[in-house]
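Here the structure comes first, spelled out in structure tokens, and everything after it is commentary.
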Amino acid sequence: MKNRNKTLTSLAAASMVLTQVGQMSVFAKEEPMKNLSDTEEVSVEKTQKELLEEQIKNTLDNVNEAKKKFDEAQEKYETYNKNDYALAVSNRDLAQKNYLSAKDDAQEAIVSALEKQIQELEANQKALKDANDKKKGLESKLEDTNRKLKQAQDDLIEQQKKYESLLNGSSKEQIEQSVNELKTQLESATLAYQEVSNRVNELLNAKQEAEAKVLDLQNTLEGARVELSNAKGDVVNAQNAYDVANADYNEKLEIYNGASDPELKAEYEKQVIEAKNNLTIAQSDLQNAKLIQQSKVDAVANAESCVVEVENEICDLKSLIDAKENELLHINESIGIVEKELSAAKEELTNAIEIENSMEEVLNKAKIALDKAKKEVEAQQMNVDKAQSDVNAQQKIVNQLRVDKEQVSQKISLGSKGFFEAYGYTNALKVLEENSVEIGKYTEVGAENDATSLANFKKAIAMVKTGNALRTTDDNFKGLNPLKVSAEMFAISQVQVNQMAKTKYGHTKLYRVSENAAVEYEDPFVGWYTEEKAVYDYLHQKGWDINDIRDSQGNYIDVDKANEIVKACNLPDIPWVQTGHYTNILKSRYVGTGTAWIEGYTSNGHHKHAGQVFSSQCSLDSLLTIDEFESQFNTYYDSLMNADGAYEDANVILNQLKGELYKQNALLTQKINDQKVTEQNKVNAENKLNSAKNEVDRLESVVREKQKNLDDLCSEESTSNIVNEIQKLKALKSNKESLDLVIARQEVENAKKEMAEANVNVNNKEALVKKAQMELDKRNEILEESNKGEEKAYNNLKDSEAVFKEKGKVLADTKKIVSEKQSNVNLKESEMDCASELLDGISKDLSESRKAEEIKKVEMNNINENYQASLSVQNRLNNTSDSIYHLNTRIQNLNKMTTEMCDSITVNDLSIQKINAKVAELESIKIKIEDVKAEFDSFTANHPLHSNKIRSGIVESLYEKIDVMKGAYRNYEEALKAFEDADMLNSENVKALELASKNYTLARLDLENANNNLKVYLENVEDDVEIKEKESVNTATETALGFFTLSGVLGLAGLALAGKKMKREKE
């Protein structure tokens, strides 16, 4: 190829040289002849010149001949290069472009389908994983629900047993009646106890008043006694003072008497000794009295200590009673609190169950909303897929229309063949191939004066409609169906009419079909139907038979009748007397037909040719109604005739569909976002439901715990023990108050009386000691005074007498006061005795009332215990009944949840089965698409033409695209082969041009040599200087012009050829 390019380049360069040579020859040819001398030398030179001129003439003839052949070769090369070769290059490039477009289209469709399949497969695999996860979650929830159900059923059995145990053979109504009766009894007992308690309180108040009065009287009595004691002390003191004064007077008297009497003085000394002895005795008695007094003080302290001890014991018992009562009250309060807590817990549980139910409802609504959202997404995805499919389909149409637009002239040039290829009518294509001019037949596909041209084909299709209208409305052959058509029948009619048009008029009988043929009719049915129907009707009218007038060979055996018919039917001539075309149109056994039409002069000399073929052996599956076939043809025809407008319209529709796709994708995105929101709502609802269920579980545990606490608190054993302890403690306290405390207080009173007596005794003994001391002092003083003298004793006697009288008076006054005080003490003691008797009576009544109160209280407590026990049983019965109700409700809800979960699991299993089936289907389709891709890859690598793959379902359209690609590749191969053939012819033309150029160059060289020889000769002539100068100038001029001219033709042609070859080599 490179050598060829070099050759073409050399050819272009050589053309420049040939230009110079040609011009030189022209110059030599046009050089005027000069007059020469008549000398011999001149004669010799003239002869040589003539020889040279003759040589130039001969070489010039050779140059002209070579130039002519070169021009012919150049014209042939340029004509072929501009027409056939350029068309082959264009067809090759277009076929290659179509192949690459079909390849890209197939590859894009396969990759898109595979990607879509993979996306759907991944989406379904994700959905399968989600469904399996959902199944695990549902099974886990079902297991948890079954566990809760079993727990609830166990709790229900336990509560039912407890309920039966609480009934204890009775009934709820009997227990309620018993509670009401005990309540009435308790109210009566409480009223009676209240009355007794009020009496006790009245007596207590009276006792307190009596005790206060006794205490006040005791204090008053004590005061009176103290005053009496003080008065008596005063009397004693006054008596003592009186006695002292009396003693002093007696002493003074004795001193006065003793001062004058010695015996009396001795008596005084004896009295002193006796007084000392008496003092010693009195002091000893005082000491004994003080010991007794201390023992009595100790006895009072001991007695008071006993009272305090008893009071402390009573206080301790009261504290114990209060503690036990508080404990019992606390138990009752605890029961109330626990009952309230249990009721609150049950209420919370009910609320929690309601919340759980509401959350389940919310979850169900969320699931419904999610299902709805998923369905909307699926529906919207279908809308998107449809919109995408519409876009893809329209894009395919646009691509095809773009290709059609680019190929429209080529496709128009293909005529009916292009239509048959477009719809895959292989049998029709085979008919055209069997009769093409390429193999020496008469069908030149797409030519203007060929039946396969689209214009002629369109007219032929309209002929079928005309024929069917006549066939179905004929009045001789009624009830006929319209004939159907097939592409093969049209192709047969076309090739037969083509052969008829290009040979001689008549039936070609290429195929075993019946045929109507006509020439020069604007409407062939005028001849086939209208004219022959008139003949047929006339024959029928006459009762004649066409076979009596015209034999099977077309010879007219009854010319007279024929002429009559011609005249009657206004026919042009006897050959028009026939009915075969008419009866062909109306034969009922024919099912298929095809027509052909040629308008334009052909080699047989006619301008219009028509044909219609009929067959009764057409496959019904291959037949179409004329409307169906015409619709296909018009679609194809309009796509070519309106390629630009159709392409623009299709682009407008494509843009609209893309806008719709964008809109649907936006809606899909919105739906997906809505689905995500509903999924999140579902997750939130599930979380809330789980929280609600956990709260229900927690509250159920709390209710069970509170119920157990209540049962423990309401147990009879604990409360009865406390009541018994309280009764024992109260009995003990009452005993302490009524016996021990009274005795202890009596002992205190007795001890105090004995202590008072001991105090009086001590006082008396002290007085005696004092008196004895005074007596001693007195005796000592008397003795001392008696020793002082009679006069002094007399004076002292007088003084003592005055004191003695004064003391006597004081003693009389104090005794009077003592008498008054004694009367007051006696009065107070009398009042004290009355108050004590009243207090004793009140105490006795109080003791009896307290006993009655205790009895009433015991009765009330017993009734209250029975009432509380019955009420507790009733409350526990009600609580148990509520628990049973709640548990039954819980069990119903759990059973419902179990059923729903089982249903959900079943639905989910069905969904899993469907998804598994879908995954299997998608994997199968994916494998099929991968097979398509493998075939695509195999074809693009090796270009095999056949495939054994099963073509069905979704891959059928992909295989169709591969078929389109293969068809485009076959077209490309054909175009490439045609190009190579054209290139080969072009190469032969180039070789011929090279040979012609070479011969032309050689002739030019010969001419140049001849001109050079002449030039050399002329240079040797002395008189030819001017001629030589002229020759030199003209030769240069002509050479320049020749170089320009030939380089413009051969040089550029050679460079163009070199470019074409280089392009082919690159391909």
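Mapping to the numbering used here: the sequence shown position 926 is 1024, numbers consecutive. Yeah, the Cβ is synthetic: ideal placement off N, Cα and C, and Gly gets one too.
Check: Secondary structure at residue 691, three-state DSSP: helix, strand or coil?; Outcome: strand
Check: How should residue 679 be labelled, buried or exposed, when 16 other C-beta atoms within 10 angstroms of its C-beta is the threshold for buried?; Outcome: buried
Check: Between the alpha carbons of residue 184 and residue 169, how many angstroms are there, rounded?; Outcome: 20 Å
Check: Taking the C-alpha atoms as reference points, what is the distance between residue 1180 and residue 998?; Outcome: There is no way to answer for residue 1180, as the model of the chain reaches only from 99 to 1165.
Check: In the DSSP output, what is residue 791 paired with across the bridge?; Outcome: Answer is none; residue 791 lacks a bridge partner.
Check: Under the rule that 16 or more other beta-carbon atoms within 10 Å means buried, what is residue 245, buried or exposed?; Outcome: exposed
Check: Using the C-alpha atoms, what's the distance from residue 450 back to residue 946?; Outcome: 59 Å
Check: Pick out whichever of 673, 362, 1118 and 926 has its Cα sitting closest to the Cα of residue 325.; Outcome: 926
Check: Quick check on the DSSP output: the alpha helix (DSSP H) that includes residue 555 runs from which residue to which?; Outcome: 552-571
Check: Could you give the uninterrupted runs of the beta strand (DSSP E) lying entirely in the region 1005-1039, keeping only those of 3 residues or more?; Outcome: none
Check: Which class does residue 610 belong to by DSSP, given the choice of helix, strand or coil?; Outcome: coil
Check: Could you name each continuous alpha helix (DSSP H) segment of 4 residues or more that falls completely within the region 836-899, going from the start of the chain to the end?; Outcome: 839-884
Check: Please report how far the alpha carbon of residue 148 lies from the alpha carbon of residue 157, in whole angstroms.; Outcome: 14 Å
Check: Is the number of C-beta pairs between the region 343-355 and the region 902-916 that are closer than 8 Å three or more?; Outcome: yes
Check: So, for residue 809: in the same chain, excluding its five sequence neighbours on each side, which residues have a beta-carbon less than 7 Å away from its beta-carbon?; Outcome: 974
Check: State buried or exposed for residue 745, treating a residue as buried only when at least 16 other CB atoms are found within 10 Å of its CB.; Outcome: buried
Check: Helix, strand or coil for residue 704, going by three-state DSSP, please let me know.; Outcome: coil
Check: What is the DSSP secondary structure of residue 997, reduced to helix, strand or coil?; Outcome: helix
Check: Residue 495 by DSSP, collapsed to three states: which one?; Outcome: helix
Check: For the alpha helix (DSSP H) holding residue 638, just list the boundary residues, first then last.; Outcome: 630-640
Check: So, with DSSP's three-state summary, where would you put residue 583?; Outcome: strand
Check: Are the CB atoms of residue 527 and residue 509 within a distance shorter than 9 Å?; Outcome: no
Check: Give every residue of the same chain whose Cβ lies closer than 7 Å to the Cβ of residue 1167, excluding the five residues on either side of it in the sequence, and list them in chain order.; Outcome: The requested residue 1167 does not occur in the structure, where the chain is confined to residues 99 to 1165.
Check: Please report the Cβ distance between residue 865 and residue 334, rounded to the nearest whole angstrom; I am assuming they are in contact, meaning their Cβ atoms lie under 8 Å.; Outcome: 6 Å
Check: Express the C-alpha separation of residue 492 and residue 751 in angstroms, rounding to a whole number.; Outcome: 8 Å
Check: Would you decide whether residue 208 is buried or exposed? Buried here means 16 or more other CB atoms lie within 10 Å of its CB.; Outcome: buried
Check: In the DSSP assignment, find the unbroken alpha helix (DSSP H) run with residue 1190 in it and report its ends.; Outcome: Outside the shown range of the chain (99 to 1165) lies residue 1190, about which nothing can therefore be said.
Check: Please classify residue 825: does DSSP put it in a helix, a strand, or coil?; Outcome: helix
Check: Let me make sure I understand the geometry here. Which of 302, 398 and 253 has the alpha-carbon closest to that of residue 844?; Outcome: 398
Check: Specify whether the region 774-787 and the region 459-478 touch according to this definition: at least 3 beta carbon pairs, one from each stretch, less than 8 Å apart.; Outcome: yes
Check: Where does residue 651 sit, in a helix, a strand or coil, going by DSSP?; Outcome: coil
Check: To the nearest angstrom, how far is it from the Cα of residue 970 to the Cα of residue 433?; Outcome: 9 Å
Check: Exposed or buried, residue 690, counting other C-beta atoms within 10 Å across all chains shown (16 or more means buried)?; Outcome: buried
Check: Please name the residue or residues paired with residue 696 in a DSSP beta bridge.; Outcome: 707
Check: Could you check what DSSP says for residue 534 in three-state terms: helix, strand or coil?; Outcome: strand
Check: Going along the chain, which residues of its own chain have a beta-carbon closer than 7 Å to the beta-carbon of residue 239, five neighbours each way excluded?; Outcome: 999
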